[in-house]
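According to the numbering used here, the residues represented by the sequence shown are 7 to 273, in order.
We put the beta carbon where it would ideally sit given N, CA and C, even for glycine.
Take a look at the structure below.
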Amino acid sequence: MRPSSQPPDQTDQTEPDGPEWRATRASVIRDAAGIALTSGAYAVSCGAICTAAGLSVLQTLALSLLMFTGASQFAIAGVIGSGGNPLAGAAVAVLLGSRNALYGLRLASLLNVRGARKALAAQLVIDETTAMAVGRDTERAGRLGFWATGVALYTLWSLGNLVGALGAQVLPDPEVLGMDVAAPAAFLALLAPRMRAGRPWVAALLAAAAALIAAPLLPAGVPVLLAALVVGILALLLPSREPSDDASKNTEPTRPPTASDPVEETP
């Protein structure tokens, strides 16, 4: 009998519940827990900011449970806290949250859920869950990453908002702790990782200029909408990709290979 060329334990490692999958599952759950804990701590400040802006504890908790997107919550708190119309804050929140619809299109085929699970999955579609789902090697690991991150993050985000809102209630003056500038600081923290190329800088600077010019002239909240409109127009006008620095530096003409050129060995 001819011996098998495959190691004896190779099959066990590729089984659905074999050692390889158990290691992958542990890694996914560990990453999901880390994201949830970090965001939960961040949610405490979000709850405090919402309450300092004039929202009740119940309203803050409702925003967290129903909206479940930090940028939109900070937007509403910022507009209402500055005396703007709640409808303007809601419009800004919708604009910021619209990216989740694009994430949903990407995740639909991966998750492949229906009925109540589809509605639950839609509620959990955010930046973190999408990254955990599409950044895995297999579909099974991607689905686990989505659900583990979504459930853990949803739970800790809501609890963090509740703790922050209740904590802000006992403060005589939230501005003493700098809560009046926490919302802009949070937006800068969300924006900073994305400012790695010239195109985002152009959009951010022009949008900020539009908001600053419009702030003394328009009601609170409207300058933010104007800035969002500027970003949308720039997204259509600016090129989608910047030329590579390496390509711009390579000015030597290319030539076809000759017999005298060294040949690279392939493994």
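Excluding the 5 residues preceding and the 5 following R149 in the sequence, name in chain order all residues of the same chain whose CB lies nearer than 8 Å to its CB. L116, L117 and A139
May I ask you to verify whether the region 161-181 touches the region 91-109, counting CB pairs closer than 8 Å and requiring at least 3? no
Given a threshold of 16 other Cβ atoms within 10 Å of its Cβ, counted over all protein chains shown, does D252 qualify as buried or as exposed? Residue confidence for D252 is low, a pLDDT of 44 falling below 50, so the modelled location carries little weight; the figure read from the coordinates is stated next. With fewer than 16 Cβ atoms within 10 Å of its Cβ, D252 is classed as exposed.
For the candidate residues A58, I219, E134 and A241, whose alpha-carbon lies nearest to that of A38? E134
Could you give the distance in angstroms between the alpha-carbon of A114 and the alpha-carbon of L223? 44 Å
Every unbroken alpha helix (DSSP H) inside the region 18-84 [4 residues or more]: 25-58 and 63-72
Write down every uninterrupted run of the alpha helix (DSSP H) in the region 205-231 whose length is 4 residues or greater and which is fully enclosed by it, in chain order. none
CB-CB length for A94 against V228, believed under 8 Å: 6 Å
In whole angstroms, what separates the C-alpha of D143 from that of G121? 27 Å
Helix, strand or coil at S104 according to DSSP, with G and I counted as helix: coil
Comparing C-alpha positions only, which one of A147, F152, A216 and V98 sits nearest to K124? F152
Spatial distance of L231 from D23 (CA atoms): 50 Å
Whole-angstrom distance between R112 and E26, CA atom to CA atom: 27 Å
For Y109, which residues from the same chain have a beta carbon less than 7 Å from its beta carbon, with the 5 sequence-adjacent residues on both sides left out? V131 and T136
In or out: G40 buried (at least 16 other Cβ within 10 Å) or exposed? exposed
Rounding to the nearest angstrom, what Cα-Cα distance links S88 and A221 in this structure? 11 Å
Close beta carbons around V157, own chain, < 8 Å, minus the five adjacent residues each side: L130
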